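Chain order of the listed sequences is A and B.
In this text, residue positions in the first sequence follow the working numbering: the first is 9, and each later residue adds one.
In this text, residue positions in the second sequence follow the working numbering: the first is 20, and each later residue adds one.
Ideal placement from N, C-alpha and C gives every residue a C-beta, glycine not left out.
As the structure is a prediction and not an experimental result, all values here were calculated from the model.
First the structure, in the form of C-alpha cells, and then the observations on it.
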Amino acid sequence: MRKVCTRILSIVGNVVTVRAEGVSYEELAEIATAREKSLAQVIRLDRDTVYLQVFAGSRGISTGDEVKFLGHPMRVGFSKSMLGRIFNGSGIPRDKGPAVTENMIDVAGPAVNPSKRIIPSNMIRTNIPMIDVFNSLVESQKLPIFSVSGEPYNELLARIAMQAEVDMIILGGIGLKFDQYLYFKHTLEESGAMNRAIFFIHTASDPIVEGLMVPDLSLAVAESFALQGKRVLVLLTDMTNFADALKEIAITMEQVPSNRGYPGDLYSQLASRYEKAVDFEGAGSITTLAVTTMPGDDVTHPVPDNTGYITEGQFYLRNGRIEPFGSLSRLKQLVNKKTREDHRAIMDGMIQLYAQYVEAEEKRAMGFRMSDWDKKLLKYGKLFEKDMMDLKVNIPVEGALDRGWDIISDCFNPNETNFRTELIQKFWPKNKD
Amino acid sequence: MNKVLGKVVSISGNMISVEFKGDIIQNEVGYVLLGKKRLKAEVIKIRGDIAYMQVFEYTKGIKVGDRIEFSGQMLSVQLGPGLLAQIYDGLQNPLPELAQEFGFFLPVGTELPAIAPKKWNFTPLVKKNDKVTGGSFLGHVPEGIFKHKIMVPFYIKEECIVESIVPKGNYKSDQTIAKIRNEDGKVIDVSMTFEWPVKIPIEAYAEKLSPSEPLITKIRIIDTLFPIAKGGTYCIPGPFGAGKTVLQQITSRHAEIDIVIIAACGERAGEVVETLREFPHIQDPRTGKPLMERTIIICNTSSMPVAARESSVYTAATIAEYYRQMGLNVLLLADSTSRWAQAMREISGRLEEIPGEEAYPAYLESRIANFYERSGLVRLRNGEMGSLTIGGTVSPAGGNFEEPVTQGTLKVVGAFYGLSRDRANARRFPSVSPLESWSKYTSIIPQDKIDTARSILFKGEGVNQMMKVVGEEGTSIDDFLIYLKAEFLDDVYLQQNGFDKVDAATTAERQQYVFSKIVDILRKEFTFTEKKEAREYFYKLRHNIIDLNYKEYGSNEFKNQEKKIDSLLKGENHA
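Here's what the structure looks like:
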C-alpha cells in the first residue's frame, strides 16, 4: 500500500518535510495541491522526518496538502515511441502526446566498470570544419562548450543536432529560454531531424528544481538506447543552470558551501553525469556535448573550472566562432589519422599560420609597418576566418581539407609553408604555385 | 561471537547514522542489509549510541530502520601473492572479475575476493625453531618477475618460534604454510595472505632512513633540475589541461623502479582505460616483460562512489608498503589528491563539522601529511632496504596554487613540480615550470652546473619580460644573448617529446653527458654584434641538438650529430 501523509511540517525554499516511516532514500512522492500535482524526491531522512525536494517548487503548497509516496525512485520511460517527443524536467510530456509508461527505468544508475571501457576510435562528423578538422569530436567523448551569454551556442548545438553522424539525439534543456526552446523545436522539425530526437526541456520559467533532473533523465534514456546498439549524442544546455540549481538546494538544506556558494560535491555531481559518456563494447555509445556558460567570461569560475577537470577537452565559443586557441579535443589524435593523410598536417599547419596572423594583426593594430610576409599573413587570416572559422561554413571534412589547401595556396608559395614535400606534391592545387 | 547489530536512523547523501547496541570500533566496517545486497560502510564518528557511517555505495533505496551488521574489523585490504597486474576499485574489488560477473555496470552491494585462491610454488626460507616476527620472510613464491616474499603477518609484534613449515611445493594461497608459536605458547597458523587495516601504516621494519639515492624518472627536467629520491615525495599541481596525468603516465612507464602503483582517484575513467589497455602491450625496457607485470592499478574514477574514493589512496598506500616490506622499490602515483581531499570535504560537510578554509575540514593538512609520511626509505630487520616514493597530483580550483590542498601538500613534500598553463599552451612539454618548481633532493648532476642553468633561466625570463616593454631594439646584445641561451636550454633540454621512442626516456648517463655539454654552451662567451646573427646561430644550434635528442645514445648517428655540433661551436666566431 502506498504511504500517504496529510500534514506538511515545514516548507523552506523548495524543500518540505513530512513525518513518515518506511520511506526509502531518493524515493519519489506526489504532492497534490489545490492547483496541480507535483513530484518530489526524498533528499534526506532523519528518523521519521522526511525531507522532500519539490520539483514544481513550493509555491502554493498548503500545510494540509496530501503527500503520497510512490514507493520507487525517479524513473523514466524508455521506448522507441519517444522519438520525436518532448518531455519536461519531470519526464511528463510537454507536447500533447500520451505519457510514456512502458519500460520504466531508474535514472542515475550505477557507473560503468572502467575495465569494460574501450579506447574510443570513431569520429563523429558534424560538417563544421572547426570541429571536424581542428578538434574532431570522438564517439564517447564528453566535451563542454565554454561560452558567455549571448553567444550563439544554441544555434551551434542545433546545427550539430541536425548534422551529426549519429543514430539519435537527446536534447536536455536546463533553464532554456522559451524562444530558444521553440528555436530548437522548429529547426529540428524543419530539417527532419526531429524524428531521431528526444527532448527533455526545462525552461527558464519552470521551477528551478525541475531542471535538476534533466541531465539524469536524458542520460538514462541515452544509456538504454546505447545498450541496444544506438550511437546517441546527448546535448545539454546549459550546465551552469544545473549547477546553480544544485547550489540553491544545497543552501536550502543548510549545507556548508565550498566555493562561491556552490556545494562541496559539485565536482562529483558534474562528474557522475559527464562520465555517463561511454562506448559499450559490442553495443552503442553515448557522446555528450554540454554548453557551460562562464559567468563574466571567467574560466576559473567553479562551474567551468570543475567541468574542465572532468571533460576531455573543451570548445571555446567566442565572437560567434569556435576559437582555435584554447579549444581542445583530447581524443582527436585517436581519430584524425584515419580520415585523410593530410588531416594532421593541415590541422597543425593552418593553426600555426593563424597564430602568426594574430601576431601580425597585433603589430598592424599598433601601427608597425607591414612587411610582405605580414601582408600575406593578413590575407590568410581573413580568408581563414571567413571560409573556415565562420559557423555558417558547412562542408564535410574532406571538403574542408581541400578548402584549407585552397586558402593556403591563395596566400603563400609552397616553400613558405612547412608541409612535407609529398603532401605538397599530392594536395597543392595544380592551377596555382 | 555475536555480531553487533544496529539500525539506520537517518540518511543524507552517502552518510548514514546508525543506532547500535554493544561495542564498535572507530573505522569499523559495517554492512547495510538491503535485501540480498550488503552495502559496505565505515564508522567515522561515534557519539553515544549513534554511529555515523560513510557508505561506500550509492545510498538510494535505504530506509530508516534498515539493519546494519558490524564486522568487528577495520577497513582492511588483503595482502598476498596475486596483487601485481591487478585492477582494483578503491575497496580492492577486482574490476575485471566484476565485469565478468556483472557486465558493463558496477554492481551495488557486492564484494569479490581481492586475491583469487590460486596455487603458488612456495619455497621456504626458514626452518623449524627459527625465530621470526612480523615481517620476517617465511619463504617466497614467484609472482611475475619477482620473488614474492611470504611474510609473517605484520600484526604479530612479538618474537615467535617456527613450529612447522611446509616443504617446497605448490600450495593454495589460503592454505596454512607455517605454524608459529608466540611467547605465551599460542600457536598461530600462517597462510600466504593476511589482512591489514588501510589507515594504519605498516611499520614492520628496523628503521626509517632519510632518502638519498636519486630515483631516475628519465624525464630530464625532473632528474636534472628537480630530482626525486627513492623514498621521497613530490607533488604536481596544475590547472586542467596542463598535462598532470600525462606526466604521471610517462613516469609510470619509464621510472627506474620495481613496482608502480597507480591510484586513479576521482579522475576520468578514459585516462585509466589508456593505461589498462596499453600497459599489457608495452614492454618494460628493464625486464623485457609487459609493463603491466610491475603495475597495480587502484581505480576509483570520478563517477564511482565518493567514500570509496576517500579510502582508495589508503588502499594504494597499504599495498605499496606491503611490497616495500619485501625489500623492493615502490612508486605510488596518486592522481589526483584534490579529489581525495574533496571526498573528505563532502563527508565532513555531511557530518556538519565546523569548516575550515574553502569548507575543507580542519584536519585536512594533517591527513595530507599522514598520507605522504607513509613514504620513505626503510632498512628491514634483515638488513635489506626498501623504499616507497609517493607522487601526487593536485588539481587546484582555477589553477590557483593558493588553495588549501596545494598549500597543505607543499608543506610536506620534498619536491614540487608546478605545471603552468602558459607552457602547456605554448606546447612546451613537460609543462613543469622551471622557475617555480623546486626539490630538496640531490641531483645526478653536480650542483655548480645546475646553478649555472638556473641562473640563466631566471635572467632570461627577466630579459624576456623587459623585451615585452622596450622591444627587441631596446635590448642590449648581452641581455639578448642571455635570453637566447635561456630559450635554448628550454628548447633543447627541458622540453622532451613524450611520443618519440628515444626522446621520451633519457637515461641518467645520457643526461649527465648531454647536460654538461649544454652547460658548456651556456657558459661560453659569444661575440656577436648583430642580434639577427646571434638568433640564427642559436636556432641552428637548437635544431642540431634537438636532432641529437632523437638519436640513440652512443650510436653512430649520435656521434656524427655530435661532431656537427662541435664544429658549429668551433666555427662560431667565423659565423
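### Query
What do you reckon, are the CB atoms on A/Pro223 and A/Leu244 nearer than 7 Å?
Taking the first residue of the first sequence as 1, we reach residue 223 of chain A at position 215. Taking the first residue of the first sequence as 1, we reach residue 244 of chain A at position 236. For A/Pro223 and A/Leu244, yes; Cβs fall inside 7 Å.
### Message
Counting only C-beta atoms, is B/Phe298 closer than 7 Å to chain A at any point?
### Response
In the second sequence, the residue the question calls residue 298 of chain B occupies position 279. Taking Cβ atoms only, chain A never reaches closer than 7 Å to B/Phe298, which makes this a no.
### Message
With distance defined between alpha-carbon atoms, name the residue in A/Arg329, A/Leu361, A/Val146 nearest to A/Met397.
### Response
The residue you call residue 397 of chain A lines up with position 389 of the first sequence. Of the candidates A/Arg329, A/Leu361, A/Val146, the one whose C-alpha sits nearest the C-alpha of A/Met397 is A/Arg329.
### Query
With distances taken between CB atoms, is the gap from B/Ile134 to B/Gln92 smaller than 7 Å?
Here residue 134 of chain B is taken as the residue at index 115 of the second sequence, counted from 1. Here residue 92 of chain B is taken as the residue at index 73 of the second sequence, counted from 1. No, they are not a contact pair.
### Task
Answer yes if the region 139–153 of chain B comes into contact with the region 129–141 of chain A, meaning at least three C-beta pairs across the two stretches below 8 Å, and no otherwise.
no
### Query
Do B/Tyr460 and B/Arg529 come within 7 Å of each other at the CB atom, strictly closer than that value?
Taking the second sequence and counting its residues from 1, one reaches residue 529 of chain B at position 510. Taking the second sequence and counting its residues from 1, one reaches residue 460 of chain B at position 441. Their beta carbons are not under 7 Å apart, which means B/Arg529 does not touch B/Tyr460 by this criterion.
### Residues in the region 248–266 of chain A having any Cβ partner in chain B nearer than 7 Å
Gln263, Val264, Pro265, Ser266
### Message
Count Cβ pairs between the region 332–342 of chain A and the region 168–185 of chain A that sit closer than 8 Å; are there 3 or more?
### Response
no
### Query
Closest by CA to B/Tyr132, which one among B/Gln531, B/Gln361, B/Gln105, B/Leu503?
Along the second sequence, read from residue 1 onward, the residue named residue 132 of chain B stands at position 113. At residue 132 of chain B the sequence reads Pro, which differs from the Tyr that was named. For the residues B/Gln531, B/Gln361, B/Gln105, B/Leu503, the minimum Cα distance to B/Pro132 belongs to B/Gln105.
### Query
Mind pulling the beta strand (DSSP E) runs of 3 or more residues that sit fully within the region 162–229 of chain A?
176–184, 205–211
### Task
Any chance you could list the alpha helix (DSSP H) runs of at least 4 consecutive residues sitting entirely within the region 377–433 of chain B, in chain order?
383–391, 423–429
### Message
Does chain A have any CB closer than 7 Å to the CB of B/Lys218?
### Response
Taking the first residue of the second sequence as position 1, residue 218 of chain B is located at position 199. Chain A, which has no Cβ nearer than 7 Å to the Cβ of B/Lys218, makes this no.
### Task
Classify A/Trp436 as helix, strand or coil using the three-state DSSP reduction.
For this step, residue 436 of chain A is matched to residue 428 along the first sequence. Coil at A/Trp436, not helix or strand.
### Contact check, B/Pro453 vs B/Leu266, beta carbons under 7 Å
Working through the second sequence from its first residue, we reach residue 453 of chain B at position 434. Working through the second sequence from its first residue, we reach residue 266 of chain B at position 247. Cβ distance not < 7 Å, so B/Pro453 and B/Leu266 don't count as in contact.
### Task
Provide the residue span of the alpha helix (DSSP H) that contains B/Met211, from first to last.
Working through the second sequence from its first residue, we reach residue 211 of chain B at position 192. First-last for B/Met211: undefined, no H or E at that position.
#### Entry: Within the region 93–154 of chain B, ranges of the beta strand (DSSP E) (whole runs, at least 3 residues)
95–98, 138–143
### Message
Please tell me whether B/Arg446 has its Cβ less than 7 Å away from any Cβ of chain A.
### Response
Taking the second sequence and counting its residues from 1, the one referred to as residue 446 of chain B is at position 427. So, not an interface residue.
### Query
Quick one: what's A/Asp287 bridged to in DSSP?
Locating residue 287 of chain A in the first sequence gives position 279, where the first residue counts as 1. Bridge partners of A/Asp287: A/Ser293.
### Message
Taking the straight line between their C-alpha atoms, what separation do you get for B/Pro374 and A/Val23?
### Response
As a position in the second sequence, residue 374 of chain B is number 355, starting the count at 1. As a position in the first sequence, residue 23 of chain A is number 15, starting the count at 1. One C-alpha to the other measures close to 24 Å.
### Query
In chain order, what residues of the same chain lie with their CB nearer than 7 Å to the CB of B/Lys468, ignoring the 5 residues before and after it?
Sequence index remark: in the second sequence, residue 468 of chain B carries index 449 (1-based). Same-chain partners within the cutoff: Phe534, Ser535, Val538.
### Query
In three-state DSSP terms, what is A/Tyr59?
Taking the first residue of the first sequence as position 1, residue 59 of chain A is located at position 51. If DSSP states are grouped into helix, strand and coil, A/Tyr59 belongs with the strands.
### Query
When the cut-off is 7 Å and only beta carbons count, does B/Leu310 lie next to chain A?
Along the second sequence, read from residue 1 onward, the residue named residue 310 of chain B stands at position 291. Cβ-Cβ to chain A under 7 Å: no for B/Leu310.
### Query
For B/Thr252, is the classification buried or exposed, using 16 other Cβ atoms within 10 angstroms of its Cβ as the cut-off for buried?
Here the question's residue 252 of chain B lines up with position 233 in the second sequence. Answer is buried; the Cβ neighbour count reaches 16.
### Query
How is A/Phe392 classed by DSSP in three states: helix, strand or coil?
For the purposes of this step, residue 392 of chain A is taken as residue 384 along the first sequence, with counting starting at 1. Three-state DSSP puts A/Phe392 in a helix.
### Query
Between A/Pro303 and the rest of its own chain, which residues show a CB-CB distance below 6 Å, the 5 nearest in sequence each way excluded?
For this step, residue 303 of chain A is matched to residue 295 along the first sequence. Correct list, in chain order: His309.
#### Entry: Other residues of its chain near A/Ala81: CB distance less than 7 Å, five sequence neighbours each side excluded
Mapped onto the first sequence, residue 81 of chain A falls at position 73. As written in the sequence, residue 81 of chain A is Pro, which differs from the Ala given in the question. The answer, listed in chain order, is Glu34, Glu35, Leu36, Asp114.
### Query
Is B/Ile235 helix, strand or coil when you go by DSSP?
Mapped onto the second sequence, residue 235 of chain B falls at position 216. Coil.
### Query
In chain B, which residues lie less than 9 Å from A/Arg52 when you measure between Cβ atoms?
On the first sequence, residue 52 of chain A is found 44 positions in, with the first residue counted as 1. In chain order: Ser29, Ile30, Ser31, Gly32.
### Query
Under 7 Å Cβ-Cβ, which residues of chain A neighbour B/Leu125?
Indexing the second sequence from 1 puts residue 125 of chain B at position 106. The answer, in chain order, is Pro118, Ala119, Asn121.
### Task
My understanding is that B/Ile496 touches B/Val482, with C-beta atoms under 8 Å, so please give their C-beta distance in whole angstroms.
On the second sequence, position 477 is the one that residue 496 of chain B refers to. On the second sequence, position 463 is the one that residue 482 of chain B refers to. No, B/Ile496 and B/Val482 are not in contact; Cβ-Cβ is about 11 Å, not under 8 Å.
### Query
Between the Cα of B/Met427 and the Cα atoms of B/Glu182, B/Gly101, B/Ile255, which residue gives the shortest distance?
As a position in the second sequence, residue 427 of chain B is number 408, starting the count at 1. Reading off the sequence shown, one finds Gly at residue 427 of chain B, where the question assumed Met. Nearest option by C-alpha distance: B/Ile255.
#### Entry: Cβ-based burial, B/Ala594 [other Cβ within 10 Å; buried from 16]
Numbered from its first residue, the second sequence carries residue 594 of chain B at position 575. Because B/Ala594 sits at a pLDDT of 41, beneath the cut-off of 50, its placement in the model cannot be relied upon, and the following sentence gives the value as read from the coordinates. B/Ala594 comes out exposed.
### Message
Please tell me whether B/Glu365 and B/Val325 are closer than 7 Å, where the distance is taken between their beta carbons.
### Response
The residue you call residue 365 of chain B lines up with position 346 of the second sequence. The residue you call residue 325 of chain B lines up with position 306 of the second sequence. Cβ atoms of B/Glu365 and B/Val325: closer than 7 Å.
### Message
Using CA atoms only, rank isn't needed, just tell me which of A/Asp246, A/Leu78, A/Ala230 is closest to A/Gln188.
### Response
By one-based count along the first sequence, residue 188 of chain A stands at place 180. For A/Gln188, the nearest C-alpha among the options comes from A/Asp246.
### Message
Can you check whether the C-beta of B/Asn592 is within less than 7 Å of a C-beta belonging to chain A?
### Response
Stepping through the second sequence from its first residue, residue 592 of chain B is reached at position 573. Residue confidence is low: B/Asn592 scores 47 on pLDDT, short of 50, so the model does not pin down where it sits. Its coordinate-derived value is still stated next. No - not a single Cβ of chain A is within 7 Å of the one on B/Asn592.
### Query
Comparing the C-beta of B/Ala118 with each C-beta of chain A, is any distance below 7 Å?
What you label residue 118 of chain B is simply residue 99 of the second sequence in a count that begins at 1. Taking Cβ atoms only, chain A reaches closer than 7 Å to B/Ala118, which makes this a yes.
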